[in-house]
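Colleague: The structure follows.
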Amino acid sequence: MKKLFIILFLIAFGADLRAQEAGSVLIKNATVITVTNGDLENTDVLVEDGIIREIGQDLTAPKGVMTIDATGKFLMPGIIDAHSHLNTVDTNEGRNPVTAEVTMEESVDPYDVAIYRALAGGVTSIHLMHGSANVIGGQGETLKLRYGSDQDGLRFQDAPRTIKFALGENPTRVHGQGNGVQPRTRMGVEQVIRDHFDEALDYKRNREEYLEAKARYDRRRRGTPPVPVAENLRYEVLLDIIEGEILVHCHSYRSDEILMLMRVFNDYGIKNYTFQHANEAFKVAPELAKNGAHASVFSDWWAYKFEVYYSTAFNASILNANGVVASINSDSNELIRHLNHEAAKTVRYGMTSENDAIKMITLNPAKQLGIDDKVGSIEEGKQGDLSLWSGHPLSIYSINEMTFVDGTKYFDRETDADDQRIEVSVDADYDSAQNFEKIISGRQEQSCMEDAFYLLEESTLQE
Amino acid sequence: MKKLLFNIWVCIVVLGVQSATAQITDKPGFGKYAITGGTIHTVTNGTIEDGVLLIDGEKITFVGENARISSDYERIDASGKHIYPGFIDSRTSLGLVEISAVPVTVDNQEIGQLNPNMLAFTAFNPHSAAVPVTRVSGVTTVISAPSSGIISGKAALMDLWGYSPDSMAVKKSAALVMSLPSANRRGWWDNRSDKEIKEAYEREIKEINEYLDKARFYDQMMTAYTNDPGGKKRPDKDPRMEAMREVINGGIPVIIGVNREQEILDAIEWTKDQDDMRFIFYGVNEGWRVAEEIAEAGIPCLVNTLYTPTRGYDNYQRPYQNPGLLHEAGVKVAIATGETENVRNAPFNAGYAATYGLGKEEALKAITINAAEIFGVEDLLGSLEEGKQANLLISDGDPFEPLSQIEQVFIKGYKIPMDSRHIQLYEEFLDRDAVNK
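What follows is the structure in structure tokens.
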């Protein structure tokens, strides 16, 4: 009876158990792309209980630890995508230019097969982001792609909190054009941010004064009770941004708006932030470097809207050469499947070194997400997020063969089944392709604006 | 006096530099070129190590191992380099769309369901910023296609060098672009019954068939009148019907966009009844499911590889494998990105096809000679052969590899300035002048 209970328990919660389990593995004789310590040939990497314990030669596997012969293959850190909407349920809360209080926390679909397909491309972590409809949008979630686990099982433990800001066309279209409220212009965008930061600081002062007065009143029970200043989650989050507890990731394109946000952040003492997309970041690379601002960019997307018309595929290389921490992101369920080749393009466009190209999809996005002490390079003590390639991962002829998260194998090309869905709808008629999915190729969809287009549909404004 | 001369000289240099930076690129070279020492990938006649390729004007005049090169040839030393035919992207919106989110710059979607008289050639902007960006990556020739309604108009086969559409067009009218109705449910929200879907499909197909019959009748009528106008009343000219004449005579092929399994099968069925027309499929995302049927119908396919699998349960690599599986079944495939500003990624689409089953050699054909054959320009383009148009690239390695540099491109004999807005911005901003804040 007890046995049966255990079996039932395992069936019911098996996926979750797998998620919590940190794995152990010994990968032998690979060319190890450490990112921080060069490429090591014929080298072994031992992961124990999810942590890289040893990197060296002739390592032996502890008892019960799986050994993989990786002779002729390349082992690199798991790829990290600093900008993704891979498995969101909702992307935009588009009715107010500032919605700092909303989060992606409950918007994570753990059963989306897109997670598996990203794993197949060597991706181990993503930054799941709110959309770009709002100037100050929602809070993000950094995930580990432990496909098969539930929402909590996907979370990247102890990753810093993040929030999405958005400048330029998207917030001005949604709010100014679509809803007739500020901001309609880039002037308005700046003031929306400053107004809300100022309101949050006033709120903080008023709230603290109230709490002190209330405490006094509660102690003495004399005089008039103070007028309450209610707790306001939106302002609380804004204050956390000002106090540096939340990393800002800001959707932006033009160089002038990038400079604007840096001025604003300098005024409020905000540090450690990343410009997302940032197609014109290359124009202000020295200013970004001076402020320690990061940039997470596309490898080559441009011209799909006006604010990216005067951009260049050499963006990442220019940023890198100017000392800006730059990463290559996908913002796409298709591009995320081959971020290694998106990074490889920085070698073609701007002669970035191969190691720096790899860094742009591993250590640099890790820095931007504040998780570089845990992942992003192959170093002893870091977490065992790895991907194993048939050849050098920057070659178009190389194929990812295995992907590990915390030392647990989540993708293996050898045993890759045709159908990798976790959630299968029994009544769907799959053979007639009724569920033919939205095919994503190139930049057909503005994933950042998902759930926000309805706001624009009825607007009569001309583009 | 000396100082004055010096000042004049400075002025000339400064003005010269300024006028050079004012234009998108420099002038091209044109004349006689001898490319020596490189590995020549002819596509049709194997690979020649340490080869010689001669260009005289628009044409390739020699491809081989040894040639006497007279002194009037400009020599290009390609030792250690690779020479390939220029790449062809078989379906793009290049030149027709400048910024897709700005409708006034979108010229590939005319209003109306049946527009055979719309010519992409007419709307092709030779000065689109995307043209130089594309060609310096080795893509020298594209199909630019319209894309709205049932009959969208005619696609043009364009070389990516020139100052006018006329000078760039390899074929002003390369193919008619068409969509067929789908007998599939459009998605989970489509709550029509199976019967309603079937009826709608049949009704729409009937309308298309009637349109084609009308075109055939018009063609007969016009032909009859032209052959023997005596005594007959001259029929009124109909520009749309006129545009259909070269289609229903098989003069130009019809590109049909199909993706789902059922759409592909239905399209094959429908094409069987159109003996007088030639067909090409575009998209064909689920082609691998019905590759045998497509092969049997003898319809070539224009495909890419960089898209997400079509069904939830599809294996992750099916889009990458699709060209290989089609080829294996006997289908002629060519690479088509469907892109606008990033047509330059066509070689990477080919690279994926190569890696996942098509192989390097066939992938190279898919982006060169197969495309030329499908559009009937194999006597001009698609391989490095004597007498063909000089469209080629010189790279420092495998051009499907993002790590390789495309060092020089020739289009129609023109030695293309290896410059574009992207490169100019790079050169300007890589080391931004610290004085100019």
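Protein chains in written order, with the numbering used here: chain A, 1 to 463; chain B, 464 to 900. The beta-carbon is built from N, C-alpha and C at its ideal position, and this holds for glycine as well. Remember, it's a predicted structure, so these values are computed and weren't measured experimentally.
Are residue 773 of chain B and residue 555 of chain B closer than 8 Å when you measure CB to CB?
Modeller: As a position in the second sequence, residue 773 of chain B is number 310, starting the count at 1. As a position in the second sequence, residue 555 of chain B is number 92, starting the count at 1. No, Cβ-Cβ distance for residue 773 of chain B and residue 555 of chain B is not below 8 Å.
Colleague: Looking only at DSSP bridge pairs, what is residue 387 of chain A linked to?
Modeller: Residue mapping note: residue 387 of chain A aligns to position 387 of the first sequence, counting from 1. According to DSSP, which records beta bridges pairwise, residue 387 of chain A is partnered with A/76, A/403.
Colleague: Would you give the residue range spanned by the alpha helix (DSSP H) that residue 192 of chain A belongs to?
Modeller: As a first step, residue 192 of chain A must be located in the first sequence, where it is residue number 192. Note, residue 192 of chain A: alpha helix (DSSP H), 186-220.
Colleague: For residue 360 of chain A, which residues from the same chain have a beta carbon less than 7 Å from its beta carbon, with the 5 sequence-adjacent residues on both sides left out?
Modeller: Within the first sequence, the letter at position 360 stands for residue 360 of chain A. Excluding sequence neighbours, residue 360 of chain A sits near 316, 326, 327, 328, 343, 346.
Colleague: Mind pulling the chain B residues with CB within less than 8 Å of residue 131 of chain A?
Modeller: For the purposes of this step, residue 131 of chain A is taken as the residue at position 131 of the first sequence. None at all; the shortest Cβ gap to chain B is about 16 Å.
Colleague: Does the separation of the CB atoms of residue 766 of chain B and residue 747 of chain B fall below 8 Å?
Modeller: Counted from its first residue, the second sequence places residue 766 of chain B at position 303. Counted from its first residue, the second sequence places residue 747 of chain B at position 284. Yes, the Cβ-Cβ distance between residue 766 of chain B and residue 747 of chain B is below 8 Å.
Colleague: Considering only the alpha carbon of each residue, which of B/498, B/519, B/489, B/501 lies closest to residue 851 of chain B?
Modeller: In the second sequence, the residue the question calls residue 851 of chain B occupies position 388. Minimum Cα distance to residue 851 of chain B is reached at B/519.
Colleague: Residues of chain A with CB closer than 7 Å to the CB of residue 868 of chain B, please, in chain order.
Modeller: Taking the first residue of the second sequence as 1, we reach residue 868 of chain B at position 405. Residues of chain A passing the Cβ test: 348.
Colleague: Would you report the Cα separation of residue 250 of chain A and residue 586 of chain B, rounded to the nearest angstrom?
Modeller: Position 250 of the first sequence, counted from the first residue, corresponds to residue 250 of chain A. Position 123 of the second sequence, counted from the first residue, corresponds to residue 586 of chain B. Going by the C-alpha atoms only, they are around 37 Å apart.
Colleague: Answer with yes or no whether the minimum CB distance from residue 302 of chain A to chain B is below 8 Å.
Modeller: In the first sequence, counting from the first residue as 1, residue 302 of chain A sits at position 302. Interface residue, yes.
Colleague: Who are the neighbours of residue 171 of chain A on chain B, taking C-beta pairs under 7 Å?
Modeller: Along the first sequence, one-based indexing puts residue 171 of chain A at 171. What residue 171 of chain A touches in chain B: nothing, since even the nearest Cβ is about 15 Å away.
Colleague: For residue 537 of chain B, which residues does DSSP report across the bridge?
Modeller: Counting from 1 along the second sequence, the entry for residue 537 of chain B is found at position 74. According to DSSP, which records beta bridges pairwise, residue 537 of chain B is partnered with B/496.
Colleague: Does any C-beta atom of chain B lie closer than 8 Å to the C-beta of residue 286 of chain A?
Modeller: Taking the first residue of the first sequence as position 1, residue 286 of chain A is located at position 286. Yes, contact with chain B.
Colleague: At the 8 Å Cβ level, is residue 895 of chain B part of the contact set with chain A, yes or no?
Modeller: Counting from one through the second sequence, the residue named residue 895 of chain B turns up at place 432. Interface residue, yes.
Colleague: Taking any Cβ of chain A, which residues in the stretch 719-739 of chain B have a Cβ under 9 Å from it, in chain order?
Modeller: Those residues of the stretch 719-739 of chain B that come within reach of chain A (Cβ to Cβ, closer than 9 Å) are 722, 723, 724, 725, 726.
Colleague: Inspect the beta-carbon positions of residue 840 of chain B and residue 602 of chain B and report whether they are closer than 8 Å.
Modeller: Taking the second sequence and counting its residues from 1, one reaches residue 840 of chain B at position 377. Taking the second sequence and counting its residues from 1, one reaches residue 602 of chain B at position 139. Contact: no.
Colleague: Could you tell me whether any Cβ in chain B is nearer than 8 Å to the Cβ of residue 113 of chain A?
Modeller: Start at 1 with the first residue of the first sequence, and residue 113 of chain A comes out as number 113. Yes, its Cβ sits closer than 8 Å to a Cβ of chain B.
Colleague: Do you know whose CA, among A/139, A/149, A/170, A/169, lies nearest residue 159 of chain A's CA?
Modeller: Indexing the first sequence from 1 puts residue 159 of chain A at position 159. Checking every option, the nearest Cα to that of residue 159 of chain A belongs to A/139.
Colleague: Which value, in whole angstroms, describes the spacing of the CA atoms of residue 371 of chain A and residue 543 of chain B?
Modeller: On the first sequence, residue 371 of chain A is found 371 positions in, with the first residue counted as 1. On the second sequence, residue 543 of chain B is found 80 positions in, with the first residue counted as 1. When rounded, the distance between both Cα atoms is 43 Å.
Colleague: Hey, residue 153 of chain A and residue 123 of chain A are a contact pair by Cβ (cut 8 Å); roughly how many whole angstroms apart?
Modeller: Mapped onto the first sequence, residue 153 of chain A falls at position 153. Mapped onto the first sequence, residue 123 of chain A falls at position 123. Between residue 123 of chain A and residue 153 of chain A the Cβ distance is about 17 Å, and since that is not below 8 Å, they are no contact.
Colleague: What residues from chain A crowd round residue 965 of chain B, counting only those whose CB sits closer than 8 Å?
Modeller: The structure shown has nothing for residue 965 of chain B, since chain B only spans 464 to 900.
Colleague: Any idea what DSSP makes of residue 484 of chain B, helix, strand or coil?
Modeller: On the second sequence, residue 484 of chain B is found 21 positions in, with the first residue counted as 1. Residue placement at residue 484 of chain B cannot be trusted, given a pLDDT of 44 that sits under 50; the coordinates are not used to answer.
Colleague: Just reading off the beta strand (DSSP E) that residue 711 of chain B is part of, what are its end residues?
Modeller: In the second sequence, residue 711 of chain B corresponds to position 248, counting from 1. Premise fails: residue 711 of chain B lies in the alpha helix (DSSP H), 702-711, not in any beta strand (DSSP E).
Colleague: Name the chain B residues whose beta carbon is nearer than 8 Å to that of residue 353 of chain A?
Modeller: Stepping through the first sequence from its first residue, residue 353 of chain A is reached at position 353. Going along chain B, no residue has its Cβ under 8 Å from residue 353 of chain A, so there is no contact; the nearest lies around 11 Å.
Colleague: Can you check which of these residues, B/539, B/592, B/648, is closest to residue 626 of chain B by C-alpha distance?
Modeller: Position 163 of the second sequence holds residue 626 of chain B. When only C-alpha atoms are compared, the closest one is B/592.
Colleague: Would you say the stretch 367-385 of chain A touches the stretch 50-63 of chain A, given that touching needs at least three Cβ pairs under 8 Å?
Modeller: With the cut-off at 8 Å, the stretch 367-385 of chain A and the stretch 50-63 of chain A touch.
Colleague: Is there at least one Cβ from chain A nearer than 8 Å to residue 533 of chain B's Cβ?
Modeller: Looking up residue 533 of chain B in the second sequence gives position 70. No - not a single Cβ of chain A is within 8 Å of the one on residue 533 of chain B.
Colleague: Leaving aside the five residues before and after residue 484 of chain B along the sequence, list all residues of the same chain whose C-beta is less than 6 Å from its C-beta, in chain order.
Modeller: The count along the second sequence starts at 1 and reaches residue 484 of chain B at position 21. With a pLDDT of only 44 at residue 484 of chain B, under 50, the local geometry of the prediction cannot be trusted, and the value read off the model is given with reservation. Contacts found: none.
Colleague: Could you spell out where the beta strand (DSSP E) holding residue 823 of chain B opens and where it closes?
Modeller: As a first step, residue 823 of chain B must be located in the second sequence, where it is residue number 360. Element bounds for residue 823 of chain B: not the beta strand (DSSP E) but the alpha helix (DSSP H), 823-829.
Colleague: Counting only beta-carbon separations shorter than 8 Å, does residue 888 of chain B have a partner in chain A?
Modeller: Against the second sequence, residue 888 of chain B aligns to sequence position 425. It does; some Cβ of chain A falls within 8 Å.
Colleague: Ignore the nearest five residues each way along the sequence and tell me which others in residue 730 of chain B's own chain have a CB closer than 6 Å to its CB.
Modeller: Walking along the second sequence from the start, residue 730 of chain B turns up at place 267. The residues are 643, 719, 721.
Colleague: So is residue 484 of chain B in contact with chain A if we call contact Cβ pairs under 8 Å?
Modeller: Looking up residue 484 of chain B in the second sequence gives position 21. In this predicted model, residue 484 of chain B has a pLDDT of only 44, less than 50, meaning its place in the structure is not dependable enough to derive any value.
Colleague: State yes or no: is the C-beta of residue 863 of chain B within less than 8 Å of the C-beta of residue 814 of chain B?
Modeller: As a first step, residue 863 of chain B must be located in the second sequence, where it is residue number 400. As a first step, residue 814 of chain B must be located in the second sequence, where it is residue number 351. Yes, these two residues count as a Cβ contact at 8 Å.
Colleague: Does residue 263 of chain A come within less than 8 Å of chain B when only Cβ atoms are used?
Modeller: Start at 1 with the first residue of the first sequence, and residue 263 of chain A comes out as number 263. So no, residue 263 of chain A is outside the interface.
Colleague: DSSP three-state label for residue 144 of chain A, please.
Modeller: Taking the first sequence and counting its residues from 1, the one referred to as residue 144 of chain A is at position 144. Strand, per DSSP.
Colleague: Taking DSSP's pairing of strands, which residues face residue 871 of chain B in a bridge?
Modeller: Position 408 of the second sequence, counted from the first residue, corresponds to residue 871 of chain B. Note: residue 871 of chain B sits in a beta bridge opposite B/857.
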